[in-house]
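Just below is one structure, and these are the notes that go with it.
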Amino acid sequence: MPLWVELVLRVGGVLVAFLTLPLLVGQAEHKVMAHMQGRLGPMYAGGFHGWAQLVADGVKFVQKEDITPREADRAVFRLAPAVALVPYLLVLLVIPLGPNDLVGQPLDIGLFFVLAVVGVGVVAVLMSAWASANKYSLLGGLRGAAQLLGYELPLVLAAASVAMAAGTLSLSGIVEAWQPWWLLWQAPAMIIFFVAGLAEIRRPPFDMPVADSELVFGYMTEYTGLRFAFFLLAEYVGIVVIAALTTVLFLGGWQGPFADDQLGWLWTLLKVFAVAFVIIWLRVSYPRLREDQLQRLCWLVLVPASLAQLVLTAAVRIAL
Amino acid sequence: MSDPSEHGGPAGGASERGMPGAGLVKGLAVTLKTMTSRSTTQQYPDVAPELPPRSRGVIALSEENCTVCMLCARECPDWCIYIDSHKEEVAVPGAARPRQRNVLDKFDIDFSLCMYCGICIEVCPFDALYWSPEFEYAEYDIKDLLHDKDHLGQWMATVPPPPAHDPNGEPAKEETAAARKVAAARPTPPVVRPEPGADPGPAS
């Protein structure tokens, strides 16, 4: 296979995943949230149980006027949605779907790359917040910055624990080294990583920066049309990314009950959707954390716990 | 929802707040249970709603029962019933003199004013007014909500048969009155309504 065919195939595959998985997760959120609240959710769009609701939403967003406030910093304001979206696209590039290099771009320092790129999200939040020239945007953006910077630490420490256990920074290498008893050994790290990941993508119950009941819509207040849709898309790609990272790092990725070589991609996708379901489930079940509770959870619970997990991982690693 | 001590979790010696995290698990359980049970949404325009018995949709008029006594119009709290009538002489052959009777000319109910209290239906001594469960009579113009006597008469076809008497309710006034009369005439009154479960009745 010539190089360019392989390149097109890999990039095309990642692009398809980037465009379809968030829609699937979004539709699942519509339906799961509705049924958890005793409703039915969208029922009309597309004819069968509203399967085309998000397509219809997309068409609606495209038709809306693209407004830039007069006082806004135009260039930064217009660039922010792209900055929010592109890091997640790059992360999807290195997340392995199955064995034998079934991945957009195999990378030896995949974990490092992923954590570094996900951290760019805070820049998009600050850009949109400052450039909007709106007090609600600014409040939301500053809350977002405090939250993202804080939760970055437990996220990285929990990921470092599993990297230490596997002895590699390559995501494929971590999945290959993974064994079922790690579920127990790395359980605290998994919970810490998952909770910090939720906070990183600003999902309820960690949606203080958006907090639509007090801040209108936080840093997204001034956005309309397609740019707003990009922010929403970034949120759903964020769910996919966090679910995929949790799967790859802590749930054994493509390792399934049988036929790992042929069906590895299926096990990965199943696990990703299961984790995404839990993310939606938490959103429906729990109220939003107050700003001080949010920071308290991060600095007084998650950071010490992740440090303890690092010690535990190191001890077991030396003992074995 | 209920006593917190019931949900203390497996830790018997735990404080009143229960195990740490028990509330979080309970929240997840509630949403999961709601998700797996049937949702309460009614698909209204696609599926006709299941209305409870004695639903108050629209008022139907049985014109031949009306004697133009005007009780309904007088009792109506917001005066939304308009009645016009005239007297006609009916000459019965062989009678000493011709009789007079009321003829209904106009019977309008303005449903833009009606507050669906049902007093007109309660007060009608001749059973000329009924509740119908039909509710889909919205109009684009508010003056079309004034239903005349032909329109009100058309609703009669939608009036459901009266529901059966509630077995646990108190007996009807007619029954108690009849029983009282019999009791006054006879020393031992018969049982008007058999006690539920005590007497199987003539069916056995």
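Chains as they are written, first to last, in this note's numbering: chain A, 149 to 468; chain B, -11 to 192. All C-beta atoms, glycine included, are put in the ideal place defined by N, C-alpha and C.
If you draw a straight line from the Cα of residue 163 of chain B to the Cα of residue 113 of chain B, it comes to about 18 Å.
For the region 168 to 193 of chain A, the residues whose beta carbon sits under 8 Å from a beta carbon of chain B are, in order, 180, 182, 183, 184, 185, 186, 187, 188 and 191. Residue nearest to residue 332 of chain A within the set A/398, A/157, A/448 and A/426 is A/398 (criterion: CA-CA distance). The C-beta of residue 434 of chain A comes closer than 8 Å to at least one C-beta of chain B.
DSSP links residue 75 of chain B through a beta bridge to B/90. Inter-residue distance for residue 307 of chain A and residue 273 of chain A is about 23 Å (C-alpha atoms, whole angstroms). Secondary structure of residue 84 of chain B (DSSP, three-state): coil. 8 Å or more divides the Cβ of residue 358 of chain A from the Cβ of residue 391 of chain A. Under the three-state reduction of DSSP, residue 427 of chain A is assigned to helix.
Only residues of its own chain outside the window of five on either side were considered, and among them 269, 270, 273 and 348 have a CB closer than 7 Å to the CB of residue 296 of chain A, listed in chain order. CA-CA distance, residue 31 of chain B to residue 232 of chain A, rounds to 39 Å. Nearest Cα to residue 330 of chain A within the set A/181, A/452, A/464 and A/170: A/464.
Straight through space, the alpha carbons of residue 276 of chain A and residue 206 of chain A are spaced by roughly 21 Å. With distances taken between CA atoms, residue 388 of chain A lies nearest to A/169 out of A/156, A/169, A/151 and A/152.
DSSP places residue 278 of chain A inside the alpha helix (DSSP H), whose first and last residues are 269 to 279. Around the beta-carbon of residue 284 of chain A, 16 or more other beta-carbon atoms lie within 10 Å, marking it buried.
At a cut-off of 8 Å, the C-beta of residue 23 of chain B has a neighbouring C-beta in chain A. In this structure, DSSP gives residue 252 of chain A a state outside helix and strand, which the three-state scheme calls coil.
Judged by DSSP in its simplified three-state form, residue 153 of chain B adopts coil rather than helix or strand. In the DSSP annotation of this structure, residue 384 of chain A is not part of any beta strand (DSSP E); the continuous alpha helix (DSSP H) holding it starts and ends at 373 to 398. Using a CB distance cut-off of 8 Å, residue 429 of chain A counts as an interface residue toward chain B.
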